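Engineer:
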Amino acid sequence: MSIQSLNFNISLKDVLPGAVFLNCEDIVVRSASSDSRSIQSGDLYVAIRGRQFDGHRFIHEAASLGASGLLLEVAVPNVRIPQCLVRDTRQAWSRLTLALKGNPERHLLFAGITGTNGKTTTAWILRSILQASQLRTGLLGTVEYHDSVRREPATLTTPDSATTAEWLQRMRESGASHCVMEISSHALDQSRCCGIPLSVAAITNVTHDHFDYHGTYDSYLQSKMRIHEMLIPGAPLLLNANDRSTGLIKSRLNNRQRIITFGESAADDVHFVLRENVLILHLLRGTLETEMQLFGQHNAMNCLVAAAMAEELGVTPECIACGINHLEFVPGRLQSIESGQPFRVFVDFAHTPDGLAQCILTVRSLTKGRVILVFGAGGDRDRGKRPAMAQASASADVVIVTSDNPRAEDPDQIIADVLNGFADFPPEKRNPGHSETMVKSLTDRRVAIEAAIEMAEPEDSVIIAGRGHEPFQQWGHKLLKFDDSAVALEILQSKFHGKQPSDVCISGSPEKLHDA
C-alpha cells in the first residue's frame, strides 16, 4: 500500500524518536509504500514481516525501482540507501501513515470496539447517539466507511494503516469531531491502528472465531486485549460480565486498566432491563429509559455498551435515549425483510456458533410458529468451527445448510463438514421444548432461501444467516453478485405479488472482504 503526504516533508526522526539511522542522520519522507512492486522514485520503502512473506526479502527490488530510503527491522549492510531501523515496522508504518496525512487523529475523539459478535451493531448505535448529540461522527467498520458526509462500502472491518489514515484525514476535512471504529483481531495483531488514541474502548465478547488465523482461543484473546494499549491514560475499557474472557482479561491486566463491566445483573457496573421494546439503562451517572427499535436481548446489550461509551464521551442521557430510539436497523444485522408476507424473514450476519445461537434465541422469542434457518460456513476459514455451527443451529425447527462464501473449497465438502456436527449432537439435545430439528442441505444458496420461504407458514420466522450485508459470494477467485436481503425480497415479491426478477431492484457490488 502506498501513501502520499499532504505537500510537506516528514522527518522520521520526529515520527519515530527511538529509531536508529544508517547512512544518514535522518530520512525526510514525502511518500512511502509497504509494497516493493509499487515503489516510485523518491519513495520510502517500508519492509513489513507478514505471515506468508517478509518484506525484507524485497529490499533490492525496492532499491532498483528508486526507493530513496528504507524503514527496516534489520539493517542491510550492502545497500547504501539511507536506512531507518525500528523494532516493529508494522507499528512504525501505522504512525508514519498518520503523519503523512497531517496527524488527523489529533483532531478527533475515538471510540474503539472489538469482539467476536456485536461490533457493528454497537458501532452503529454509538454513531446514532453521537449524531443525536449534533456531533459530526465518522465510522470505520464492517459495513461501511463514513467520513461523516460521504460513505463507501467497506473492504475490511478495519482497513490497512494507509487507508485508515486517509479516511481519518477525510473525517477531519469534513468537519467530524468523533470517530467510531470497529477494530478487528487481525488489525490489532497487525498493529494497523497504532498511534490512534482511544477515549473509550469495549470488548463485546470473545468466542470461537478466526482460529484459522490465530490458532488458539488464547492467541485470539491476546489479540483482542491489545485494544487496551490504544486507550489514553484514564480511559476505560468496557468488558462483558457474562463472557468467559472477562475474568482472564482482568487477571492479565492486573488492575493496570480502568474497567467498566456491563451486563444484565445489578451487580454489573452498568446494566439493562428490557420490557418488550422498552429499554431501561442503568449507567454510571444515572438511569434512562427509551424505546428500542432493534430486536432482542443481545441488541439491548449492544445498546447498553454504546450508551456507556457515549456517557464516557460526555453525551447527555436525553441524547443517548434519542440516538437509540432513532436507529431503525443495521444492515444485515437481524434485518427484517418485509413484503406483506404472513411470516417474518430476517437476514443476519451471524457466522459464529455464539452469534448464531443468540440470533435463533432472539427470533424464537418473536415467533409463535417455527424457526426456519438457512446458513452455511465460509471456505478457507476455521474448519473447526463448522461442527460447532451445526450444534448452535440445532435449536431451530428446520435447518437448511447451504453455501456461504466457498472461496477455493468444494462447497459440498464444507456442507458435509457442517452436517457432521449434527451427527455428533444427539437429537434429544437439539431443540429442547420443540419437535426434533429437521435438517437438509441445498448447495445453491438462492435455492435454499427459496425453499425456506416456500415452506414458511403463517407465524413462522425464516432466518437467512451468515452473510448479512455482504453483496456477493466468493467462489474461487470470482465474486458473484448475491445480496441475501435483495434475493429474499425478490423471492417474496415474486411469490406474493407476482413480480418478476427484472421488476425488483437487487443492490450490491463485488467489493467486500471482511475480517473481525
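Sequential numbering of the sequence shown, starting at 30, is according to our numbering. Don't be surprised by glycine CBs; every beta carbon is placed ideally from N, CA and C. Since we're looking at a predicted model, the values are computed, not measured.
1) Three or more C-beta pairs closer than 8 Å, one from the segment 435-455 and one from the segment 265-274: is that the case here?
2) Can you check whether the CB of T319 is closer than 8 Å to the CB of N283?
3) To which residues of the same chain is E173 closer than 7 Å at the C-beta, ignoring the five residues directly before and after it?
4) Restricting to Cα atoms, I'd like to know which of Y246, A421, H215 and H257 is closest to A231.
5) Where do the ends of the alpha helix (DSSP H) carrying H498 lie?
6) Of the residues P46, S62, A61 and T381, which one's Cα is nearest the Cα of D55?
7) Restricting to Cα atoms, I'd like to know which of F404, P360 and V374 is closest to L385.
8) When you compare only the Cα positions, how much space is there between R475 and L155?
9) If we call anything under 8 Å between Cβ atoms a contact, is E134 one with G224?
10) Under the assumption that R287 contacts L310 (Cβ atoms under 8 Å), give the Cβ distance between them as a whole number of angstroms.
11) From the DSSP output, in three-state form, read off E318 for me.
12) Under 8 Å between the Cβ atoms of L549 and L51?
13) Do I261 and A337 have their CB atoms nearer than 8 Å?
14) By DSSP's criteria, E211 is part of a beta bridge. Which residues make up the other side?
15) My output table needs one value for V178: the three-state DSSP class, helix, strand or coil.
16) Please give the ranges of any beta strand (DSSP E) in the segment 421-448, keeping only runs that are unbroken, at least 3 residues long and fully inside the region.
17) I need the boundaries of the beta strand (DSSP E) containing G292, first residue and last residue.
18) Note down, one range per segment and in chain order, each alpha helix (DSSP H) of at least 4 residues found wholly within the segment 177-253.
19) Take the Cβ of G315 as the centre, count every other Cβ of all protein chains shown within 10 Å, and call the residue buried at 16 or more, exposed below.
20) Mark K469 as exposed unless 16 or more other C-beta atoms lie within 10 angstroms of its C-beta, in which case mark it buried.
21) Looking only at its chain, what residues have a beta carbon closer than 6 Å to the beta carbon of C534, apart from the 5 residues adjacent to it on each side?
22) Report the three-state DSSP secondary structure of D377 (helix, strand or coil).
23) For L317, which residues from the same chain have a beta carbon less than 7 Å from its beta carbon, with the 5 sequence-adjacent residues on both sides left out?
24) Do you know how far the Cα of I88 is from the Cα of G98?
25) Helix, strand or coil for A264? Go by DSSP, reduced to three states.
26) When we look at the beta-carbon of V49 and count the other beta-carbons within 10 Å, is it buried (16 or more) or exposed?
27) Ordered along the chain, which non-local residues of its own chain (more than five positions away) have a Cβ less than 8 Å from that of E488?
28) Pull the bridge partners of S31 from the DSSP assignment, please.
29) Taking the alpha-carbon positions, what's the Q502 to P111 distance?
30) Quick check: the Cα distance between V58 and S40, rounded to an integer number of angstroms?
31) With three or more beta-carbon pairs closer than 8 Å as the criterion, would you say the segment 128-144 touches the segment 192-210?
32) Where does the unbroken alpha helix (DSSP H) through Q522 begin, and where does it stop?
33) What does the Cβ neighbour count give for Q163, buried or exposed, with the cut at 16 atoms within 10 Å?
34) Which one of R304, H380, L312 and C208 has the shortest CA to CA distance from F324?
35) Would you kindly report the start and end of the unbroken beta strand (DSSP E) that includes V400?
36) Is the beta carbon of A140 sitting closer than 8 Å to the one on S228?
Structural biologist: To lay it out plainly:
1) Too few Cβ pairs lie closer than 8 Å, so no.
2) At the C-beta level, N283 and T319 stay beyond 8 Å of one another.
3) Closer than 7 Å at Cβ, skipping near neighbours: R180, E181, P182 and A183.
4) Nearest of Y246, A421, H215 and H257 to A231, Cα basis: H257.
5) Under the DSSP assignment, H498 falls outside any alpha helix (DSSP H); it carries neither an H nor an E label.
6) Ranking P46, S62, A61 and T381 by Cα distance to D55 puts P46 first.
7) Considering only alpha carbons, the answer is F404.
8) Taking the straight line from one Cα to the other gives about 34 Å.
9) Less than 8 Å separates the beta-carbon of E134 from that of G224.
10) Actually they do not touch by this definition, with Cβ atoms about 20 Å apart.
11) The answer is strand: DSSP assigns E318 an E or B state.
12) Given a span of 30 to 545 for the chain in the structure shown, any question on residue 549 remains unanswerable.
13) Not in contact: I261 and A337 (Cβ atoms no closer than 8 Å).
14) DSSP output for E211 lists I142 as bridge partner(s).
15) Correct three-state label for V178: coil.
16) Runs of the beta strand (DSSP E) lying entirely within the segment 421-448, each at least 3 residues long, are 427-430 in chain order.
17) First-last of the beta strand (DSSP E) with G292: I288 to G292.
18) Listed in chain order, the complete alpha helix (DSSP H) runs (minimum 4 residues) inside the segment 177-253 are 190-202, 214-218 and 240-243.
19) Exposed, since its Cβ has fewer than 16 Cβ neighbours within 10 Å.
20) Residue burial annotation: K469 is exposed, with fewer than 16 other C-beta atoms found within 10 angstroms of its C-beta.
21) Only weak support exists for where C534 lies, its pLDDT of 38 falling under 50; the coordinates are left without a value.
22) Reduced to three states, the DSSP call for D377 is strand.
23) Cβ contact annotation for L317 (same chain, cutoff 7 Å, sequence separation greater than five): L310, P346, I349 and A350, in chain order.
24) In a straight line, the C-alpha of G98 is about 10 Å away from that of I88.
25) Of the three classes helix, strand and coil, the one that applies to A264 here is coil, per DSSP.
26) By the neighbour-count rule (16 or more Cβ atoms within 10 Å), V49 is not buried but exposed.
27) The beta carbon of E488 lies closer than 8 Å to those of P371, F372, T396, K397 and G398 in the same chain, with the five residues before and after it left out.
28) For S31, the beta-bridge partners assigned by DSSP are S62.
29) Take the alpha-carbon of Q502 and the one of P111: they are about 45 Å apart.
30) Distance from the CA of V58 to the CA of S40, rounded to the nearest whole angstrom, comes to 6 Å.
31) As far as the Cβ criterion goes, the segment 128-144 touches the segment 192-210, which means the pair count is three or higher.
32) Under the DSSP assignment, Q522 falls in the alpha helix (DSSP H) whose first and last residues are D513 to H526.
33) Under this definition Q163 is an exposed residue.
34) Restricting attention to R304, H380, L312 and C208, the CA atom closest to the CA of F324 is found in R304.
35) Its beta strand (DSSP E) spans residues V400 to F404.
36) Their beta carbons are under 8 Å apart, which means A140 touches S228 by this criterion.
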